[in-house]
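Just add 10 to the spot in the sequence shown (first one is 1) and you have the numbering used here.
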Amino acid sequence: MERLDKLLASTGRWSRREAKALIQAGRVLVDGMPAKRGEDKADPSVSRILVDGAVLDWQAHTYIMLSKPAGLLTATEDARQKTVLDLLPDGLRRKGLFPVGRLDKDTEGLLLLTDDGELAHRLLSPKKHVDKVYYARLDQPLGPEDCAAFAAGITLAGGDVCRPADLRLLGDGREVLITLREGKFHQVKRMAASRGAAVLYLKRISMGPLTLDEALLPGGFRPLTPEEVAKIGGIT
Numbered sequence: 011m012e013r014l015d016k017l018l019a020s021t022g023r024w025s026r027r028e029a030k031a032l033i034q035a036g037r038v039l040v041d042g043m044p045a046k047r048g049e050d051k052a053d054p055s056v057s058r059i060l061v062d063g064a065v066l067d068w069q070a071h072t073y074i075m076l077s078k079p080a081g082l083l084t085a086t087e088d089a090r091q092k093t094v095l096d097l098l099p100d101g102l103r104r105k106g107l108f109p110v111g112r113l114d115k116d117t118e119g120l121l122l123l124t125d126d127g128e129l130a131h132r133l134l135s136p137k138k139h140v141d142k143v144y145y146a147r148l149d150q151p152l153g154p155e156d157c158a159a160f161a162a163g164i165t166l167a168g169g170d171v172c173r174p175a176d177l178r179l180l181g182d183g184r185e186v187l188i189t190l191r192e193g194k195f196h197q198v199k200r201m202a203a204s205r206g207a208a209v210l211y212l213k214r215i216s217m218g219p220l221t222l223d224e225a226l227l228p229g230g231f232r233p234l235t236p237e238e239v240a241k242i243g244g245i246t
């Protein structure tokens with residue numbers, strides 16, 4: 011059971027104040043009866059809620075796939091710089107979405123935005139070992155010996171020890187796919203640097219069972235499909 015004003019606001023179409031005004035104006039019906047107060051509670055999975063005669067489009071959580079462009083912070087807000095949430099319309103921003111994990115400011119690619127804290131915890135938990143795949147362009151080619159080093163677990167400058175990772179060479183080795191199962195600070199760049207290569211371009215292309223929709227241009231976004239939601243929800 012949730013407060014009616016909160017339920018209406020959770021759709022992103024109205025603020026809490028606007029939702030209360032709708033209710034007070036008699037424009038919200040619950041099982042055929044006009045709602046009286048924003049504090050009244052209802053279960054949207056059981057009750058039929060109408061706003062101006064239309065069924066309330068409600069879901070427990072929101073899941074958005076974003077193709078992050080370079081130049082934006084992976085954060086919910088920042089006083090000086092734009093964040094990935096600045097790409098969203100007001101309706102989605104009112105839902106309280108946050109990024110699951112982070113990408114560096116100059117890194118592009120797959121970013122999941124949601125208000126589902128439990129799912130975010132499962133995706134990010136070191137115990138789950140969720141694969142994250144990155145495409146990188148390097149200034150120097152890597153070779154088979156570097157693949158072996160990644161698989162053994164690289165020790166970074168400063169002493170951080172990385173879990174074993176997969177390095178797949180593309181072409182002459184200046185383009186690679188790297189699969190990580192953790193998320194250390196600047197990890198891909200630091201791992202490449204440990205093998206004598208600098209990352210010129212970095213893009214995350216998948217996270218667990220979720221793969222970036224290549225139809226999304228940088229800065230584009232869309233809701234996850236029911237099938238995608240089911241896949242990420244299956245991570246336990």
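For every residue, glycine included, the Cβ atom is placed at its ideal position computed from N, Cα and C.
In terms of alpha-carbon separation, which member of the options lies closest to residue i?
i, options, result
"Asp-67", "Leu-76, Val-140, Ser-57", "Ser-57"
"Gly-22", "Gly-181, Asp-156, Glu-185, Leu-98", "Leu-98"
"Tyr-211", "Met-75, Asp-53, Gly-81, Val-239", "Gly-81"
"Ala-175", "Leu-222, Val-198, Leu-102", "Val-198"
"Arg-147", "Thr-124, Cys-157, Leu-179, Leu-120", "Leu-179"
"Lys-142", "Arg-90, Leu-113, Gly-153", "Leu-113"
"Arg-132", "Ala-52, Arg-191, Ala-202", "Arg-191"
"Leu-226", "Leu-18, Lys-78, Pro-154", "Lys-78"
"Gly-168", "Ala-203, Ala-161, Lys-138", "Ala-203"
Run through DSSP, which three-state label would residue i get?
i, result
"Val-198", "helix"
"Pro-109", "strand"
"Asp-67", "coil"
"Val-13", "This sequence places Arg at residue 13; Val is not what is there. Here Arg-13 sits in strand by DSSP."
"Val-143", "strand"
"Glu-118", "strand"
"Arg-232", "strand"
"Lys-78", "strand"
"Leu-123", "strand"
"Leu-134", "helix"
"Leu-227", "coil"
Please list, in chain order, all residues of the same chain as residue i whose beta carbon is under 6 angstroms from its beta carbon, the five residues on each side excluded.
i, result
"Val-38", "Leu-32, Ala-45, Val-61"
"Ala-85", "Thr-93"
What separation, rounded to the nearest whole angstrom, lies between the Cα atoms of residue i and residue j?
i, j, result
"Gly-48", "Gly-243", "31 angstroms"
"Cys-172", "Ile-164", "5 angstroms"
"Pro-54", "Met-11", "8 angstroms"
"Arg-232", "Pro-151", "35 angstroms"
"Gly-230", "Phe-108", "16 angstroms"
"Asp-156", "Glu-118", "24 angstroms"
"Glu-237", "Met-217", "15 angstroms"
"Leu-76", "Ile-245", "20 angstroms"
"Thr-93", "Gly-42", "42 angstroms"
"Lys-51", "Leu-177", "53 angstroms"
"Val-186", "Pro-228", "20 angstroms"
"Ile-188", "Tyr-144", "5 angstroms"
"Leu-95", "Glu-224", "20 angstroms"
"Arg-214", "Trp-24", "34 angstroms"
"Leu-129", "Glu-87", "21 angstroms"
"Arg-200", "Asp-116", "15 angstroms"
Under 7 angstroms Cβ to Cβ from residue i, same chain only, skipping five residues before and after it: list those, please.
i, result
"Leu-30", "A small correction: the amino acid at residue 30 is Lys; Leu does not occupy that position in the sequence shown. Cβ neighbours of Lys-30 beyond the five flanking positions: Asp-15, Gly-48."
"Lys-105", "Ser-20, Gly-22, Thr-72, Asp-125"
"Asp-149", "Ala-207, Ala-208, Leu-210"
Looking only at its chain, what residues have a beta carbon closer than 8 angstroms to the beta carbon of residue i, apart from the 5 residues adjacent to it on each side?
i, result
"Ile-74", "Leu-98, Leu-102, Leu-107, Leu-122, Leu-123, Thr-124, Phe-231, Arg-232, Pro-233, Leu-234"
"Leu-134", "Val-110, Gly-111, Val-140, Gly-193"
"Val-65", "Arg-58, Ile-59"
"Tyr-220", "The question names Tyr, but residue 220 is Leu in the sequence shown. If we look at Leu-220 and ignore the five residues flanking it on each side, its Cβ neighbours are Met-75, Leu-120, Leu-122, Leu-234, Glu-238, Lys-241, Ile-242."
Hey, is residue i's beta-carbon within less than 7 angstroms of any beta-carbon in chain D?
i, result
"Leu-179", "Looking for chain D here will not work: only one protein chain is present."
Inset, instruction - Within the segment 148-223, note down every full beta strand (DSSP E) run reaching 3 residues or more, in order along the chain. - result: 176-180, 185-190, 209-217
Legend entry - Length-filtered (3 minimum) beta strand (DSSP E) runs lying within the segment 19-69: 38-40, 59-61
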